[in-house]
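Per UniProt numbering, the sequence shown starts with residue 1, numbered consecutively.
For every residue, glycine included, the Cβ atom is placed at its ideal position computed from N, Cα and C.
Just so it is clear, the structure is predicted and the values come from calculations on it, not from any experiment.
Step one of this worksheet: look at the structure below.
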Amino acid sequence: MDSAPPVDTVAAAIHALYHNPDAAEKERASMWLQEFQRSLFSWEISDQLLQMKRDVETCYFAAQTMRTKIQYSFHELPGQSHEMLRDSLINHMQTMSDPKFHVITTQLCLALADLALQMTQWKNSASFLIHRFYSSNATHMPLLIELLTVLPEEVDSHSLRLGLNRREEFRVELGEAAPTVINLLTACSENYLNDQRLLGKIFKCLASWFYIRVCPSEEMSQSKIIVLLFELLKKSDTPSMLHEATSDCLCAALYSMEDVEEHLPLAKVLYQGINLLPEAYTMAVAEEDVDKCINYCRIFTELAEAFMEMMVETPNQAFGDLRTLDAVLTCVGHPQSEVAEITFNFWYRLSEIIYKRDSRELTDLYRPYIERLIHSLSVHCQIDTEHEGIPDESDDFGDFRVRVSELIKDVIFIVGSSSCFAQMFHNLASQQGASWEVTEAALFIMSSVAKNVLPDETTVVPQVMQAIISLPEGTHRAVRYTSTRILGELAEWIEKHPDYLDPVLNFLMTGLRDEELASVSGKSIQSICSTCQDHLQGHLECLLNIAQAVDAFNLSGESALGIIKGTALVLARMPLDKVQDGLKRLVLVQVTSLSQIVKGEASSKQGASTDPVVWLDRLATIFRHTNPQITNGQVHPCLVVLQEIWPVLSETCTKYQADIRVIERYCRCLRFAIRCIGKSAAALLTPLVTQMVGFYQSHMHSCYLYLGSILVDEYGREPSCVPGLIDMLQAFMGPTYTILQEPNGLRSHPDTVDDFFRLCTRLLQRCPLGILQSPAMQSILPCAIAAITLDHREANASVMKFFTEVIQCATAKWEAEDFKRR
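This is the structure we're talking about:
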């Protein structure tokens, strides 16, 4: 914008933005106003618009412009105009006492606070503003309170380009003004005791001063405003909004006591006052006032956080009194789970401290509290009685149960997994005819700790196993679902008690045929296969049949892959001839489907059976987990299988050469196949490299470079393979340099940089002479130097690793016979 537009033009654009019915005109006005805001003229014109006070929209736009200009463009103003701007903002605020201008004065308050932070010559800004607003007009009190609220809030604002020194300097200034502010707020709280709205703002203001930790402890402990806080919290008729503001302020006061010893006077007052609130909490529960219960829970939890170290160091002494834990646990027992969840972070932190102390005495002391916690959480995890089918793990309640499970795993060491598992089972056993939701919740808690139940436990687990595999036909689906999950979690226990394998697998096979239970059954089968491979050789035939027919069951993609993985792990423990036969059966299903897709014309929908990625991922899983023990001289049983399926894989790559998603999975599949077979697959090296290099010329997918580094890793120490690998590198270099030399090429293609220098690094590690004597190094080094400044973590790390290896080649292993040539 070359010249200042008339004020009326700006006002007309603002009016069009808010009121023009034509969307195109609105968009044009918006674009013009954005350009206006970026211009130097917006400072003066916004000031004029605020003086004119045409309407709320115009004033709001002007105030917002002022704020953003101060935040992001303060450097545009000469130093001598700073005081004029300050006084102008104050004047605008003082003339906008009408409540309809509240949104505007909020913007102006923020603008003034940001100005105070950046205007270094303006000293003692808080005291200055108190003098200007408090003494001029009593009606300006709400404005002054809002100003004093945002001043400390903006100290840590990320929008302001300020260094730590200036922020700290301003914090010290606020600390000097804190006694004056506290006296002002105390007086206001007494004068406006019946104005609940303003009283709430006063507490919000005080909270903002607590949060930056500048309130003097001695003065605060004797202040009448603290007494008022507790009086309002103890009264059952305190309005909800005021109750919340009061609670926020009290939590901020507790937060401010970073070092309790430094704030003893305030700590004592807060501790004594909060210990009188449990009765008020009980009243709120009786009145079913959830909002107030949440407020009390926040207060009790913040109190526990503040005195946590003392509760651990000196339990049941002074501030370490464990009645604080009782108050928190009372809140965990609230009927609403949202109240209990407020305490979760406290339990995480407490368990971390107890774990680090590693004291048996301390663990024993806290065990009853954690047992109460787990019991309350099991109640919260109960599904609604009218729920039908399996638990929904994707809704809000499902997310809550996941968080409960994570919390229990963090604190369970205090109680002991086996002890908790046994206690939950005994609770169930003692409740004859317990409802299905109570049973399922207990099983859910048990599933959270089952993985860590000791294998030598022979009292409770056998009873649980027997109860699960003997579940009657009419058992609620949710109970059967969670029971199935427990079996998978108990895989390590089952591995030590293989007598249970047959009945457990039979139970899970039955679950596979059930649409609702198929996926969880598949996951449990995978878990047992992964842990009990050595005991499952007699079940291989059954597992192969299931793995070949996974699409006949209602399995998620993850569960299908899990069953295939589990089968491959068991297969890898078999004699080599059986490995080859089993592998052929596993692979044939995937390759047949893949071949049909490649030869067909049907479009591939992501995740559907026509998606080649589904079958490539399954092949990758098979090769990744089929790792039989091979002794010298033996032919790898997977080699013949890979050679047989190579034509189909090659055709897949040809058909989908432009589809990065498919090609990435193709390269991943080959990566695991090569890792599986190792040097035995050298015969495939030539056709594979030829194809990779050819397609990289036209479609520069960086995954080809990554696959190239895998080939170097496997074959780089084979003298006969080195020339071919160097040729592969040189063939990759041309297309790579082409895209990296584009404008912003390095920044635009970080994956290519990462994978290319990973390839070069592997060559330096596996066949250093081969690459060092190659002409390729003459261009690779300048490219690496250019890439040093790239601000992409993985790419930069690859470049640095490359340079490290270059230096190592010239300095390390000096005793080796090739050292001089290196």
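### Task
Inspect the beta-carbon positions of Leu517 and Cys529 and report whether they are closer than 9 Å.
Residue mapping note: residue 517 aligns to position 517 of the sequence shown, counting from 1. Residue mapping note: residue 529 aligns to position 529 of the sequence shown, counting from 1. Judged by beta-carbon spacing, Cys529 lies beyond the 9 Å limit of Leu517, meaning their Cβ atoms are not closer than that value.
### Endpoints, the alpha helix (DSSP H) within which Met220 is located
Within the sequence shown, numbered from 1, the residue matching residue 220 stands at position 220. Note, Met220: alpha helix (DSSP H), Ser217 to Ser221.
### Query
Nearest CA to the CA of Asp326: which residue from Leu89, Ser376 and Ala620?
Within the sequence shown, residue 326 is the residue found at index 326, counting from 1. Asp326 has its Cα closest to that of Ser376, out of Leu89, Ser376 and Ala620.
### Message
Could you compute how far the alpha carbon of Glu541 sits from the alpha carbon of Leu594?
### Response
As a working mapping, residue 541 is identified with position 541 in the sequence shown. As a working mapping, residue 594 is identified with position 594 in the sequence shown. Roughly 24 Å separates the two Cα atoms.
### Query
Looking at Asp456 and Lys496, is the spacing between their C-beta atoms short of 9 Å?
If you number the sequence shown from 1, residue 496 lands on position 496. If you number the sequence shown from 1, residue 456 lands on position 456. Yes, the pair counts as a contact, with Cβ atoms nearer than the cut-off.
### Query
Looking only at its own chain, which residues have a Cβ that is under 6 Å from the Cβ of Thr761, when we skip the five neighbours before and after it?
Here the question's residue 761 lines up with position 761 in the sequence shown. These residues qualify, in order along the chain: Lys801, Phe802 and Glu805.
### Task
On a CA-only basis, which of Leu616, Thr385, Gly389 and Gln629 is nearest Asp514? Give me that one, please.
If you number the sequence shown from 1, residue 514 lands on position 514. The option with the nearest alpha carbon to Asp514 is Gly389.
### Message
I need the DSSP call for Ser3, collapsed to helix, strand or coil.
### Response
Counting from 1 along the sequence shown, the entry for residue 3 is found at position 3. Correct three-state label for Ser3: coil.
### Query
So, helix, strand or coil for Met52, using DSSP?
Along the sequence shown, one-based indexing puts residue 52 at 52. If DSSP states are grouped into helix, strand and coil, Met52 belongs with the helices.
### Task
Out of Phe400, Met777, Lys69 and Phe319, state which residue places its alpha-carbon closest to the alpha-carbon of Glu35.
Residue mapping note: residue 35 aligns to position 35 of the sequence shown, counting from 1. Minimum Cα distance to Glu35 is reached at Lys69.
### Task
Give a yes or no on whether 9 Å exceeds the smallest Cβ distance from Glu541 to chain C.
Protein chains in the displayed structure number just one, and chain C is not present.
### Short Cβ contact (9 Å threshold) for Ala340 with Thr324
Within the sequence shown, numbered from 1, the residue matching residue 340 stands at position 340. Within the sequence shown, numbered from 1, the residue matching residue 324 stands at position 324. No.
### Task
Return the residue from the list Pro612, Gln629 and Asp611 that minimises the CA-CA distance to Asp577.
Taking the first residue of the sequence shown as position 1, residue 577 is located at position 577. If we check each option's Cα against that of Asp577, Gln629 comes out closest.
### Task
For Gln606, name the three-state secondary structure that DSSP assigns.
By one-based count along the sequence shown, residue 606 stands at place 606. It is coil, neither helix nor strand.
### Query
How about Cys215 and Ser256: are their beta carbons less than 9 Å apart?
If you number the sequence shown from 1, residue 215 lands on position 215. If you number the sequence shown from 1, residue 256 lands on position 256. Yes, Cβ-Cβ distance for Cys215 and Ser256 is below 9 Å.
### Message
Can you tell me whether Gln107 is helix, strand or coil according to DSSP?
### Response
Counted from its first residue, the sequence shown places residue 107 at position 107. Of the three classes helix, strand and coil, the one that applies to Gln107 here is helix, per DSSP.
### Three-way DSSP call (helix, strand, coil) for Met257 in this model
As a first step, residue 257 must be located in the sequence shown, where it is residue number 257. Met257: coil per DSSP, three-state reduction.
### Query
Anyone know if the C-beta pair for Val640 and Gln590 falls short of 9 Å?
Counting from one through the sequence shown, the residue named residue 640 turns up at place 640. Counting from one through the sequence shown, the residue named residue 590 turns up at place 590. Cβ distance not < 9 Å, so Val640 and Gln590 don't count as in contact.
### Message
Quick check on the DSSP output: the alpha helix (DSSP H) that includes residue 909 runs from which residue to which?
### Response
Residue 909 is absent from the model: the chain starts at 1 and stops at 822.
### Task
Alpha carbon to alpha carbon, how far is Ala810 from Arg822? Give it in angstroms, no decimals.
To locate residue 822, count along the sequence shown from 1; it is residue 822. To locate residue 810, count along the sequence shown from 1; it is residue 810. The predicted position of Arg822 is uncertain, since its pLDDT is 48 and thus under 50; a value taken from the coordinates is nonetheless stated next. Looking at the two C-alpha atoms, the distance is approximately 6 Å.
### Message
Please state the DSSP three-state secondary structure of Leu322.
### Response
The sequence position of residue 322 within the sequence shown is 322, counting from 1. In the structure shown, Leu322 sits in coil (DSSP, three-state: anything other than H, G, I, E or B).
### Query
Going along the chain, which unbroken runs of the beta strand (DSSP E) with 3 or more residues stay wholly within the segment 624-706?
none
### Task
State buried or exposed for Leu769, treating a residue as buried only when at least 16 other CB atoms are found within 10 Å of its CB.
Within the sequence shown, the letter at position 769 stands for residue 769. Exposed, since its Cβ has fewer than 16 Cβ neighbours within 10 Å.
### Message
By alpha-carbon positions, which one of Val587, Gly538, Gln548 and Val332 ends up nearest to Arg573?
### Response
Numbered from its first residue, the sequence shown carries residue 573 at position 573. Minimum Cα distance to Arg573 is reached at Gly538.
### Task
Check Glu742 in the structure and name its three-state DSSP category.
Indexing the sequence shown from 1 puts residue 742 at position 742. Glu742 falls in the coil class under three-state DSSP.
### Task
Label Gly708 either buried or exposed according to how many other C-beta atoms from any shown protein chain fall within 10 Å of its C-beta, with 16 as the threshold for buried.
Counting from one through the sequence shown, the residue named residue 708 turns up at place 708. Burial call: buried.
### Task
Give the straight-line distance between the Cα atoms of Glu338 and Cys251, rounded to the nearest whole angstrom.
As a first step, residue 338 must be located in the sequence shown, where it is residue number 338. As a first step, residue 251 must be located in the sequence shown, where it is residue number 251. So the two alpha carbons sit approximately 18 Å from each other.
### Task
May I have the straight-line CA-CA distance separating Asp237 from Thr246, to the nearest angstrom?
Within the sequence shown, residue 237 is the residue found at index 237, counting from 1. Within the sequence shown, residue 246 is the residue found at index 246, counting from 1. For Asp237 and Thr246, the distance between alpha carbons rounds to 13 Å.
### Task
Look at Tyr281 and Phe300 and say whether their C-beta atoms are less than 9 Å apart.
The residue labelled residue 281 in the question sits at position 281 within the sequence shown. The residue labelled residue 300 in the question sits at position 300 within the sequence shown. A contact, by the Cβ cut-off of 9 Å.
### Message
In this structure, how does DSSP classify Phe346 when only helix, strand and coil are distinguished?
### Response
Taking the first residue of the sequence shown as 1, we reach residue 346 at position 346. If DSSP states are grouped into helix, strand and coil, Phe346 belongs with the helices.
### Query
What is the DSSP secondary structure of Ile212, reduced to helix, strand or coil?
Taking the first residue of the sequence shown as position 1, residue 212 is located at position 212. DSSP places Ile212 in coil when its eight states are reduced to three.
### Query
How would you call Met96, buried or exposed, if buried means at least 16 neighbouring beta carbons within 10 angstroms?
As a working note, residue 96 is residue 96 in the sequence shown. Met96 should be labelled buried.
#### Entry: Proximity to Val614 [Cα-Cα], best of Leu729, Ala63, Thr654 and Ser556
Reading the sequence shown from its first residue, position 614 is the one you call residue 614. Comparing Cα-Cα distances from Val614 to each of Leu729, Ala63, Thr654 and Ser556, the minimum goes to Ser556.
### Message
As an exercise, report each continuous beta strand (DSSP E) stretch of at least 3 residues that is fully enclosed by the segment 157-184, in chain order.
### Response
none
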